[in-house]
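Protein chains in written order, with the working numbering: chain A, 759 to 1050; chain B, 94 to 486.
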């Protein structure tokens, strides 16, 4: 009954600090065999959880990065055309009949697996990460629904390939467009937000143990304050970790010590010209002073 | 968590109670079906049901489908299971009685769903008041008109039908232009290997005829912002009808209203029942006919919704007369910010049709440098006449 807590601990051992909500959603998704849809701003660790889960369960992570114009050939399978061409030439020289050649070149041997097909043919159930599903087109979303409900893929020349094991499916979305209700209904859902102070401290301790406790608290306090500023790109957890690494690497013992160094290290947090301008050294120093 | 709902002695069991809860959620606008009920029941097998926190998390993962749902779920959960909300009727539905529970609550709940308030008081006028409260915090306003106008008087279903035709044409105009440009840039791209190989079998592996393939055209997305402040009341009518038509013609359209606040009306307009859509719109548009803060509304839009939904393939349609009760500088800055996202901006101003009109309103003057098209639009006919113009930008 407390498996979700066990899962949370497992993830924590892999350096992923999951909120109770997220751990529960993930646990249910695994227990019920349903896909899990994660939504939230960029940089809150949506993708990372799939990696952590794969490591915790000691299984493969298969990732499908979605983009506009993604089609079946890149997501499911493709025929190995070069090999087919060569084979046809060879067949012609050997005097093999066209029909026999056709049967041969449309067989398993010439099939190239892409993520979705690979995911249903693993002996141990892998973690299938479908990243940024909102970037893919609606047509692909519809196709994905079919795969996610049947876990079977039909190749016209070969027939239907049934799933050997059901992958643990995690979908992420940044919300650049509304996903269809059908897809939402197939999935369990969790909204991932920027971590609160305590959680972020735990993340920092897990991922960058070399950072001293007091400095760590300053860093997290500073980053949380920066997030409240009016920025184009709000720094995520990964940026926070980069920033912490930079600060630690520069040998800073106290964030408020040296505004110049702080300003240099900000390059890891703020990624646009406008944001750099929005946070001049004085402001950064003030925020750091508050955090200290 | 000390308060616990007491159920009647002839309580029909957890399955029926859960069904009642899902009906409760459904009444508040959650899209849940029989499949979800089954999933929810199965989910409860995996948690300690007596622990309200755990049950809450489990049911939230199953029932909520989007970020807004997550926010509303907790209040609805409390209201149903913990008696924290209103206690209007004892909810102990049996599997058989499910239908009646829904119909008794449907009316009240459908209205409050538009506002996202779980525990709204149920008085005759209560729904309207909570609507004002629930959504009124987006922008603090000095000039909000609390005299509510019923948009049913403003937009009729017949208007919507007519507007749909115009909207479809305009959508087509934008799309056509897009596809022309793509095709020209794409000449000769992409060989369909699959088909080519198959054909080459007939000629002994010699690919004599190359099968080609092209990428499908991606339609542009329209995001519309309509000013419904006092000075625009006359013109808002055809434009809202036009928006309803646009929503029905194309699933990608996004629509917002602004006066002293900014309100997203996409979901309301997309309601399959046109009359109910207008009802929901009415709830969302209190303050309709008051002052306007164009700059603030646009700025808020550029900072929040636009980040999500506006990209290089979006046309942002703004309908406003440019009379702003706030700082006009903000308008320019907000539009510049919006432009950075790569979208095209069309400003439709009903006053532009007038003889001798010059964009002297300070807001309008500030906006001009950032516009791709500045055109008159006061009536549906004006909008229809825009077609060739829109095709050009």
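Note that CB positions come from ideal geometry on N, CA and C, so glycine has one too.
It should be emphasised that the depicted structure is a prediction, and the values quoted were computed from it without experimental measurement.
Within 10 Å of its beta-carbon, does residue i have 16 or more other beta-carbons around it, so buried, or fewer, so exposed?
i	result
residue 912/A	exposed
residue 1046/A	buried
residue 743/A	For residue 743/A there is no data in the structure shown, the boundaries of chain A being 759 and 1050.
residue 974/A	buried
residue 442/B	buried
residue 922/A	exposed
residue 1038/A	exposed
residue 952/A	buried
residue 760/A	exposed
Excluding five sequence neighbours on each side, which residues of the same chain lie with their C-beta closer than 7 Å to the C-beta of residue i?
i	result
residue 806/A	774
residue 800/A	932, 994
residue 202/B	Confidence at residue 202/B is low in this model, with a pLDDT of 38, below 50, so its placement is unreliable and the value that follows should be read with caution. Excluding residues within five positions, the ones whose Cβ falls inside 7 Å are 120, 121.
residue 842/A	863, 868
residue 997/A	801, 1026, 1027
residue 817/A	882, 883, 884, 885
residue 987/A	1036, 1037
residue 125/B	115, 118, 119, 156
Here's a check: name, in chain order, each residue in its chain whose Cβ is nearer than 6 Å to the Cβ of residue i, leaving out the five neighbours to either side.
i	result
residue 894/A	824, 828
residue 795/A	929, 945, 947
residue 416/B	324, 454
residue 504/B	Any property of residue 504/B remains undetermined from this structure, which presents chain B solely from 94 to 486.
residue 781/A	762, 765, 766
residue 206/B	Interpretation of residue 206/B is limited by its pLDDT of 38, a score under 50 that renders its predicted location unreliable; the figure taken from the coordinates is listed afterwards. 121, 122, listed in sequence order.
residue 153/B	166
With DSSP as the reference, label residue i as helix, strand or coil.
i	result
residue 841/A	helix
residue 960/A	helix
residue 917/A	strand
residue 316/B	strand
residue 289/B	helix
residue 1052/A	In the structure as shown, chain A begins at 759 and stops at 1050. Residue 1052/A is therefore absent and cannot be evaluated.
residue 348/B	strand
residue 1041/A	helix
residue 981/A	helix
residue 442/B	strand
residue 796/A	strand
residue 834/A	coil
residue 394/B	helix
residue 46/B	Because chain B is modelled from 94 through 486, residue 46/B falls outside the range shown and cannot be assessed.
residue 1010/A	coil
residue 988/A	coil
residue 328/B	helix
residue 467/B	strand
residue 322/B	coil
residue 407/B	strand
residue 908/A	helix
Can a CB atom of chain C be found closer than 9 Å to the CB of residue i?
i	result
residue 141/B	The displayed structure is made up of protein chains A and B, and chain C is not among them.
Please work out which residues of its chain come closer than 8 Å, Cβ to Cβ, to residue i, disregarding the five sequence neighbours upstream and downstream, and give them in chain order.
i	result
residue 944/A	792, 793, 903, 906, 907
residue 482/B	466, 468
residue 937/A	795, 891, 892, 899, 931
Residue i touches chain A at which residues, Cβ-Cβ below 7 Å?
i	result
residue 136/B	786, 790
Going along chain B in order, which residues have a C-beta closer than 8 Å to the C-beta of residue i?
i	result
residue 939/A	124, 158
residue 779/A	150, 153, 154
residue 942/A	124, 158, 159
residue 761/A	139
residue 797/A	159, 160
Counting only Cβ pairs nearer than 7 Å, list the residues of chain B close to residue i.
i	result
residue 949/A	160, 163
residue 946/A	154, 155
residue 842/A	290
residue 839/A	286, 290
residue 728/A	Coverage of chain A is limited to positions 759 through 1050, which leaves residue 728/A absent and any answer about it impossible.
residue 783/A	154
When you check each C-beta in the segment 805-823 of chain A against every C-beta of chain B, which residues fall closer than 7 Å?
none
Quick one, which residues of the segment 286-297 of chain B are near chain A if we go by CB-CB under 9 Å, in chain order?
286, 287, 289, 290, 291, 293, 294, 295, 297
Closer than 9 Å between beta carbons: that is the criterion. Which residues of the segment 116-132 of chain B meet it against chain A?
124, 125, 126, 128, 129, 132
Which of the residues in the segment 381-403 of chain B, read from start to end, lie with their CB under 9 Å from any CB of chain A?
Per Cβ criterion, the list reads 396, 400, 401, 402.
Within 8 Å of chain A by C-beta, residues of the segment 149-167 of chain B in sequence order
Those would be 150, 151, 153, 154, 155, 157, 158, 159, 160, 162, 163, in chain order.
Note down, in chain order, all residues in the segment 431-460 of chain B with a beta-carbon under 9 Å from any beta-carbon belonging to chain A.
Those would be 433, in chain order.
Any C-beta of chain B within less than 7 Å: which residues of the segment 846-874 of chain A qualify?
846, 847, 850, 856, 859, 860
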